[in-house]
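Residue numbers (the working numbering), protein chains in the order written: chain P, 11 to 488; chain Y, 11 to 488.
2 protein chains.
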Amino acid sequence: MYKSELLAQNLRQMIENEVWKPHEKLPSLREQTQLSGLSLITVLNAYQTLEAQGLVYAKNKSGFYVAERSRQKPSYNAEVSLKKAVQINSAVFHYLKSIQAEDILPFGSAFPNPELLYNQKFMQLLAQHAKRKNSYLNSDSMPPGNLALRKIIANRYILQGMPCTYDDIVITSGALEALNLSLQALTHPGDYIILQQSVFYGAWQAAERLGLQVITIPDHPQHGFDLSAFEQALKQYPIKVCWLMLNCQNPMGFTVNDHIKERIADLLHEYQVYLIEDDVYAELHFDQHKPLPMTYFDRHQRVLHCSSFSKTLGMGTRIGWVHAGQFSDAIQHLQLMSTLSASPLIQNALVDYLSHHHYEKHLRHLRRQLEKLKKKYCQFLKQNLPAMCEFDYHPSGYFLWIRLPEQCDSFKIYEELLSFKIGIAPSLLFRPEHGTQNFLRLNCSYPWNDAIEHAMDQLCCCIENSIQSMPKPSSPSG
Amino acid sequence: MYKSELLAQNLRQMIENEVWKPHEKLPSLREQTQLSGLSLITVLNAYQTLEAQGLVYAKNKSGFYVAERSRQKPSYNAEVSLKKAVQINSAVFHYLKSIQAEDILPFGSAFPNPELLYNQKFMQLLAQHAKRKNSYLNSDSMPPGNLALRKIIANRYILQGMPCTYDDIVITSGALEALNLSLQALTHPGDYIILQQSVFYGAWQAAERLGLQVITIPDHPQHGFDLSAFEQALKQYPIKVCWLMLNCQNPMGFTVNDHIKERIADLLHEYQVYLIEDDVYAELHFDQHKPLPMTYFDRHQRVLHCSSFSKTLGMGTRIGWVHAGQFSDAIQHLQLMSTLSASPLIQNALVDYLSHHHYEKHLRHLRRQLEKLKKKYCQFLKQNLPAMCEFDYHPSGYFLWIRLPEQCDSFKIYEELLSFKIGIAPSLLFRPEHGTQNFLRLNCSYPWNDAIEHAMDQLCCCIENSIQSMPKPSSPSG
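Below, the structure is given as structure tokens:
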């Protein structure tokens, strides 16, 4: 990083911390040169950077002054988009209600086919524990949750090469609570956070609820995550927290490579930013190795890692956790005020289940089934989707993210398919601030049969119709 | 209500709704007289009431103008106390951690002795359901929760004489989530809410978390609830929501009579205020009839009624609900963003359990046991507490609220008893804004035995010591 950039960054930090209040004068160029030992041109560059960002303003011959808070918000930039006072309409709510109906084919669902989950051994253990009074101890019904379960989860981090103790872990009602409590613990209303452009809608909703300013990082066509846009956003905005999904990303499906993850960890430290990592699909990799979480690359306690058993044992378990580290107390405090705890019974049954290698066996089986199903769906769609549509095969999870021609509106296709009792997830849910909505997410965890094939035919047909009705490009003039 | 008061109230509503913005002129006295048909003196009275409340200001000969928002906050009043920007310190958190330890006698616990709960029949049914995959349906894992359970809960309202349909009910993770989501749905940061002076600490914490202004209603020594202070607070402050507990109140134990409840319902309507009713102990009455919730007296959909199975079947069930009426959608929306749902397994087991009259039988047995225990504790304490201490026997629940002489600090007694491995709940937790802290709450749901008797002796002894060390009053002069 250039010296002037470093200086600009330090000054920005001080402005944010109100070392100087709005309309107060910054040190003069001469003072700053003397204090810092930097050259005049370096100092001037730094001041001009701040000016370009709207953080300071210059008065003729008198020097630089701190801008009003409201004026400190920088202008629109092509690569990162600022979404003030995020307003998610009720589209998500109505979508979730609509695909919930029992007779709707669940290609729009965020959850794997429940038939693949709810492992029988787990249910047996749950039944055994249900009859014992000491499965319901009050102490397990208080944050941070069951001690034995926290030890097992901590051990799973250790086995993947990360330092962790049970004190780092807080058990939650699913990963959604873990993510929400983490965001709440780390932010105040008005703070800036980073989200990916296409992202689990829960992140947008949490940002809305907490009154946060959202900066989005564009999706990178090759790597999934656009590192340079990320760095630029950190440079340009007073970011407090990033909420990212880098493994088996929802909705797109990619897993970011380790090189990028390493660089993200460096940037978090450099810009003193926290990362809330949503990692609920990490166990659903088809390759031999589980993708590494950001915690692995984090040397400076900048990462809060959130996950759950919802995508592997079933959403009905309602057990998630956060590897919260130093923020464990703050998160427990918030939990004590809101839901108190996850089910002590299910926590106890999980302890038993996880202690006896049942889980690893179940995961191996689950991965094989998901891989087989995903390949089947891909094969069919490769043959039957209109030629102008594209999707990538990622060796993990159970989502396909299908790109339609730009003029197609996947929300219209969603609405049309709903009348045929077929659910899909239109891109509006995942990138509400984006202009074009030509993507859709398909859940391919349901076993292939005639009804599914018929529905997939219908899907392809609907897309074909949508393409046909696209405005024809006029012939080139001249 | 006087005509001028009614007019003042209407004008206040319009100021709140920003019909007129700060520094905008209100209709002149003459205009208002003509428009309303009221006498000049009535209109003038109304304007002067608003002026006294800081809502408007008068400009010499020019009329009345809307005050700045920040100036609209009225001054301190002896009977209702305003608690701005509520700051609950971590006392509650550390208290809960301290009494959680397994070797601490749980007289400080908010929960009944778990041995009396976790009914065997319920656990059997839970075990049966645990083995069935369709106990974990995704549709039960989404707001508003299991349909059959909502129907049963709705029916329990109907049987108590209240209109209710399953659409009114949202299932939550315990009553705490129901209360929190209700408060969140009904308020914005900065809004005014009413709490009782001595109240479940979760209410203070929720207010803090949501950035609300709290007005407290003093405890009434006879009726529990001070109706005239309540009315005065409604008159004086722009109250949006009340969060009240009127049946088997925690921590004090009283149940408000029906006459007062009726009047509260009238006032809610008159002042256009919503009530969030915390009614988690309602089933633990020893008399024949269950106390009526405010929903019974509510003709204008002003009440959101929250309860749970935590105090009757065990906190480990983590199932509560809110009779949310018109706010059902708003609350579901918030739940979808935070915890998604309560455990579908436990919801399904509850449906089975509640459908077969097991619950009523369990409740009858539970009430008898609690009554017997409470009487035993009362008998002992009547004989052994120092003469300067007082408490009331209320025929419900399992709390005793003991009043010490004013100079005693129950937090010190709590700390001292903790060194003897005895937990109690000091009044600081329930009335953090109050100057004197000479009350303590005692959980008397644990079976009497030598260890308990010894601990009660220790308690009495600690209190006696505290009284002995009180500063002696100087002898009257002259």
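All C-beta atoms, glycine included, are put in the ideal place defined by N, C-alpha and C.
Bear in mind the structure is a predicted one, so any value in this text is a computation, not a measurement.
Worksheet item: Do we get a CB-CB distance below 8 Å when we pair K271 (chain P) with the residues of chain Y?
Response: Numbered from its first residue, the first sequence carries residue 271 (chain P) at position 261. By the rule that beta-carbons nearer than 8 Å mark a contact, K271 (chain P) does not touch chain Y.
Worksheet item: Would A188 (chain Y) count as contacting chain P if we go by Cβ distances under 8 Å?
Response: Walking along the second sequence from the start, residue 188 (chain Y) turns up at place 178. Taking a beta-carbon distance threshold of 8 Å, A188 (chain Y) does not count as an interface residue toward chain P.
Discussion item. My parser needs the beta strand (DSSP E) runs of 3 or more residues fully inside the segment 22-81 of chain P; what are they?
Written reply: Every beta strand (DSSP E) of 3 residues or more that sits fully in the segment 22-81 of chain P is shown, in chain order, as 66-69, 73-76.
Worksheet item: Count the other CB atoms within 10 Å of the CB of Y403 (chain Y); is the residue buried (16 or more) or exposed (fewer)?
Response: Locating residue 403 (chain Y) in the second sequence gives position 393, where the first residue counts as 1. A residue is called buried once 16 or more other Cβ atoms fall within 10 Å of its Cβ, and Y403 (chain Y), having fewer, is exposed.
Practice prompt. Write down every uninterrupted run of the beta strand (DSSP E) in the segment 354-394 of chain Y whose length is 3 residues or greater and which is fully enclosed by it, in chain order.
Written response: As far as the segment 354-394 of chain Y is concerned, it has no whole beta strand (DSSP E) run of at least 3 residues.
Item to complete: Could you confirm whether any beta carbon from chain Y is found closer than 8 Å to the beta carbon of T508 (chain P)?
Response: Within the shown structure, residues of chain P are numbered from 11 to 488, placing residue 508 (chain P) beyond reach of any answer.
Discussion item. Count Cβ pairs between the segment 284-302 of chain P and the segment 258-267 of chain P that sit closer than 8 Å; are there 3 or more?
Written reply: Contact between the segment 284-302 of chain P and the segment 258-267 of chain P is present, because at least three Cβ pairs lie under 8 Å.
Worksheet entry | Residue-level contact to chain Y via CB, Y57 (chain P), 8 Å cutoff | Sequence index remark: in the first sequence, residue 57 (chain P) carries index 47 (1-based). Closer than 8 Å to the CB of Y57 (chain P) there is not a single CB belonging to chain Y.
Practice prompt. Report the option in Y:N475, Y:P405, Y:V361, Y:R374 whose CA atom is closest to the CA atom of L414 (chain Y).
Written response: Against the second sequence, residue 414 (chain Y) aligns to sequence position 404. The residue with the shortest Cα to Cα distance from L414 (chain Y) is Y:N475.
Worksheet item: Could you give the C-beta distance for L8 (chain Y) and V283 (chain Y), rounded to a whole number, given that I count them as a contact under 8 Å?
Response: This structure does not reach residue 8 (chain Y), given that chain Y is present from 11 up to 488, and the question cannot be answered.
Worksheet item: Is the beta carbon of L380 (chain P) sitting closer than 8 Å to the one on L285 (chain P)?
Response: Here residue 380 (chain P) refers to the residue found at position 370 of the first sequence. Here residue 285 (chain P) refers to the residue found at position 275 of the first sequence. Result no, Cβ atoms of L380 (chain P) and L285 (chain P) do not sit closer than 8 Å.
Practice prompt. Would you list, in chain order, the members of the segment 114-137 of chain Y that have their beta-carbon closer than 7 Å to a beta-carbon of chain P?
Written response: When CB distances to chain P are screened at a threshold of 7 Å, the residues of the segment 114-137 of chain Y falling below it are F121, P124, Y128, M133, Q134, L136, A137, in chain order.
Worksheet item: Along chain P, in chain order, which residues have C-beta atoms closer than 8 Å to that of L106 (chain Y)?
Response: Mapped onto the second sequence, residue 106 (chain Y) falls at position 96. Simply M152, L346.
Discussion item. Please classify R309 (chain Y) as buried or exposed, where buried requires at least 16 other C-beta atoms within 10 Å of its C-beta.
Written reply: Start at 1 with the first residue of the second sequence, and residue 309 (chain Y) comes out as number 299. Under this definition R309 (chain Y) is an exposed residue.
Worksheet item: Any chance the segment 225-235 of chain Y sits against the segment 199-208 of chain Y, with 3 or more Cβ pairs inside 8 Å?
Response: Judged by Cβ distances under 8 Å, the segment 225-235 of chain Y makes contact with the segment 199-208 of chain Y, as three or more pairs qualify.
Fill in: Within-8 Å CB hit, F337 (chain P) to chain Y
Here residue 337 (chain P) refers to the residue found at position 327 of the first sequence. No - not a single Cβ of chain Y is within 8 Å of the one on F337 (chain P).
Worksheet item: Can you tell me where the beta strand (DSSP E) with H333 (chain Y) in it begins and where it stops?
Response: Working through the second sequence from its first residue, we reach residue 333 (chain Y) at position 323. Start and end: 330-333.
Practice prompt. Report the partner residues of G324 (chain Y) according to the DSSP bridge assignment.
Written response: For the purposes of this step, residue 324 (chain Y) is taken as residue 314 along the second sequence, with counting starting at 1. Per DSSP, none; premise fails for G324 (chain Y).
Worksheet item: Can you give the Cα-Cα distance for A275 (chain Y) and F240 (chain Y), rounded to whole angstroms?
Response: The residue given as residue 275 (chain Y) occupies position 265 in the second sequence. The residue given as residue 240 (chain Y) occupies position 230 in the second sequence. In this model, A275 (chain Y) and F240 (chain Y) are separated by some 12 Å (Cα to Cα).
Discussion item. Which of the three DSSP states is assigned to F264 (chain Y) in this structure?
Written reply: Your numbering for residue 264 (chain Y) matches position 254 in the second sequence. F264 (chain Y) falls in the coil class under three-state DSSP.
Practice prompt. Please decide whether A88 (chain P) counts as near chain Y, where near means a Cβ-Cβ distance under 8 Å.
Written response: Sequence index remark: in the first sequence, residue 88 (chain P) carries index 78 (1-based). The predicted model places A88 (chain P) with a pLDDT of 30, which falls under 50 and marks its position as unreliable; any figure quoted below should be read in that light. So, not an interface residue.
Worksheet entry | Which residues DSSP lists as bridging D288 (chain P), in chain order | By one-based count along the first sequence, residue 288 (chain P) stands at place 278. According to DSSP, D288 (chain P) bridges with P:C316.
Discussion item. Run through the DSSP bridge pairs and tell me what E400 (chain P) is partnered with.
Written reply: By 1-based counting over the first sequence, the position of residue 400 (chain P) is 390. Paired residues: P:R413.
Discussion item. According to DSSP, is S238 (chain Y) part of a helix, a strand, or is it coil?
Written reply: One-based indexing of the second sequence puts residue 238 (chain Y) at position 228. Correct three-state label for S238 (chain Y): helix.
Item to complete: List the DSSP bridge partners of L115 (chain Y).
Response: As a working mapping, residue 115 (chain Y) is identified with position 105 in the second sequence. Note: L115 (chain Y) sits in a beta bridge opposite Y:I432.
Item to complete: Determine, using beta-carbon pairs with one atom in the segment 327-335 of chain Y and one in the segment 356-368 of chain Y, whether at least three such pairs fall under 8 Å.
Response: As far as the Cβ criterion goes, the segment 327-335 of chain Y touches the segment 356-368 of chain Y, which means the pair count is three or higher.
Item to complete: Taking G445 (chain P) as the reference, give the member of P:A435, P:Q468, P:E416 with the closest Cα.
Response: One-based indexing of the first sequence puts residue 445 (chain P) at position 435. With distances taken between Cα atoms, G445 (chain P) lies closest to P:E416.
Discussion item. At the 8 Å Cβ level, is K143 (chain Y) part of the contact set with chain P, yes or no?
Written reply: Translated into the one-based positions of the second sequence, residue 143 (chain Y) becomes position 133. Answer yes: the Cβ-Cβ gap between K143 (chain Y) and chain P drops below 8 Å somewhere.
Worksheet entry | Beta-carbon contacts of R441 (chain P) that lie in its chain and below 6 Å, excluding the five residues immediately before and after | Start at 1 with the first residue of the first sequence, and residue 441 (chain P) comes out as number 431. Cβ neighbours of R441 (chain P) beyond the five flanking positions: Q207, S208.
Worksheet item: Which stretch, first to last residue, makes up the alpha helix (DSSP H) that contains N129 (chain P)?
Response: Sequence index remark: in the first sequence, residue 129 (chain P) carries index 119 (1-based). First-last for N129 (chain P): undefined, no H or E at that position.
Fill in: Three or more C-beta pairs below 8 Å linking the segment 380-395 of chain Y and the segment 152-162 of chain Y
Judged by Cβ distances under 8 Å, the segment 380-395 of chain Y makes no contact with the segment 152-162 of chain Y, as fewer than three pairs qualify.
Worksheet item: Just curious, the alpha helix (DSSP H) that F103 (chain P) is in, first and last residue?
Response: On the first sequence, residue 103 (chain P) is found 93 positions in, with the first residue counted as 1. In the DSSP assignment, F103 (chain P) falls within the alpha helix (DSSP H) that extends over 101-110.
Item to complete: Please decide whether S476 (chain P) counts as near chain Y, where near means a Cβ-Cβ distance under 8 Å.
Response: On the first sequence, residue 476 (chain P) is found 466 positions in, with the first residue counted as 1. With 8 Å as the cut-off, S476 (chain P) does not count as an interface residue toward chain Y.
Worksheet item: Assuming M466 (chain Y) contacts N394 (chain Y) under a Cβ cut-off of 8 Å, what Cβ separation, rounded to an integer in Å, is found between them?
Response: The residue you call residue 466 (chain Y) lines up with position 456 of the second sequence. The residue you call residue 394 (chain Y) lines up with position 384 of the second sequence. So it is a contact: roughly 7 Å between Cβ atoms.
Worksheet item: In this structure, what does DSSP give as the bridge partners for R441 (chain P)?
Response: Residue 441 (chain P) sits at position 431 when you count from the first residue of the first sequence. Answer by DSSP bridge pairing: none, since R441 (chain P) is not bridged.
Worksheet item: Of the choices Y:H279, Y:W253, Y:I270, whose alpha-carbon is the least far from that of D236 (chain Y)?
Response: In the second sequence, counting from the first residue as 1, residue 236 (chain Y) sits at position 226. Measuring from the Cα of D236 (chain Y), the nearest candidate turns out to be Y:I270.
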